[in-house]
Amino acid sequence: MSGYRVSDVMTRQVVYLSTETPLDEAARVMKEADIGDVVVTDGATLAGMLTDRDIVVRAVAERSDPATTTIGSIVTREVVMIDQHCSTAEAAALMRERGVRRILVCDADRKLVGIVSLGDLATQLDPNSALGEISEKAPTA
1 MSGYRVSDVM TRQVVYLSTE TPLDEAARVM KEADIGDVVV TDGATLAGML TDRDIVVRAV
61 AERSDPATTT IGSIVTREVV MIDQHCSTAE AAALMRERGV RRILVCDADR KLVGIVSLGD
121 LATQLDPNSA LGEISEKAPT A
């Protein structure tokens, strides 16, 4: 992975949803866009990140009603960010250190420009790796 920057492997498609969005709508958006995460906003403020795993673990397991439960009630508020010019090795180390599978990617002005996932890093390291193949077929949590 050395030599590669986060900007080389990140996903540039970032989907934003409001904290008031119902879970079922968020799940539908993720399915239609074939993504496993959305960035959650509260007005113009970044509120957190919601993953497909959050929906399953925090909502389905607690038997929340997906039509009336908002994503703001289950969103992961603590987000991890990395500069787009950092190396992929630095991104992997940050994921390991923080225990996350996705990191928001920002530019020098801290503007969000993408998302890098564990699957993105695995695919770059070894396009034939099991994790890389899985991440190409389905969003990872």
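Residue numbers (UniProt numbering): 1 to 141.
Just so it is clear, CB atoms sit at the ideal spot from N, CA and C, and this is done for glycine as well.
No experiment lies behind these values; they were computed from the predicted model shown.
Inclusion of V6 and I82 in the CB contact set at 8 Å is warranted, their separation being smaller than that value.
The Cβ atoms of V75 and G48 lie closer than 8 Å to each other. Cα atoms of R12 and D37: separation of roughly 12 Å, rounded to the nearest angstrom. Within the same chain, P22, D24 come within 6 Å of A67 by CB-CB distance, once the 5 residues on both sides are set aside. Membership of A47 in the beta strand (DSSP E) is indicated by the continuous run 45–51.
Straight across, the Cα-Cα distance linking V14 with A108 is about 18 Å. Residue environment for T123: buried (at least 16 other C-beta atoms within 10 angstroms of its C-beta). V113 places its beta carbon 8 Å or farther from that of V9.
Its chain contains A47, G48 as the residues whose beta carbon lies nearer than 8 Å to that of R77, once the 5 sequence neighbours on both sides are disregarded; these appear in chain order. Counting along the chain, M30 sits inside the alpha helix (DSSP H) bounded by residues 23–33. Note on geometry: alpha-carbon atoms of E90 and R110 lie some 17 Å from one another.
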